[in-house]
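Scroll down for the structure; my scribbles are underneath it.
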Amino acid sequence: KKVAQSSHHAIIPTAKTPVLTGLTEREKYVYQAIVQRYVAQFYPHAEDDATVIELQCGSHRFKTSGKVERVKGWRVVAKEEKEEGKGKSEDSTSQS
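For the sequence shown, our numbering assigns the number 1183 to the initial residue and increments by one for each residue that follows.
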């Protein structure tokens, strides 16, 4: 049997249908994580727009940055671990 060189030797898809009923919750979680990562490789790149703004006011410098998702790409199959801020720009402000 010939396998693509780019495949990881421990993760080779087969035609067998998995039986997940015999797995513990932790094993199911690991299996699903592997499946998601494997499938994600066939999706296009995710793309974000990032902005950084710096402002000098006297002796104080202010900096803020944000990121907005432009193309979801492989993130379509990835589970969001951070539900907070989903769909919104992530913004942080610092002062020095």
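In this text, a Cβ means the ideal position worked out from N, Cα and C, and glycines have one as well.
Keep in mind it's a predicted model, so treat the numbers as computed, not measured.
The three-state secondary structure of residue 1250, taken from DSSP, is strand.
Proximity of the region 1252-1261 to the region 1214-1228 meets the contact definition, three or more beta-carbon pairs being nearer than 8 angstroms. Non-local C-beta neighbours of residue 1221 in its own chain, meaning closer than 8 angstroms and more than five positions away in sequence, comprise 1259, ordered along the chain. Annotated three-state conformation of residue 1198 is coil, per DSSP.
Bounds of any alpha helix (DSSP H) do not take in residue 1223, whose DSSP letter is neither H nor E. Taking residue 1223 as the centre and dropping the five residues before and after it, the same chain places the C-beta of 1256 closer than 8 angstroms to its C-beta, in chain order.
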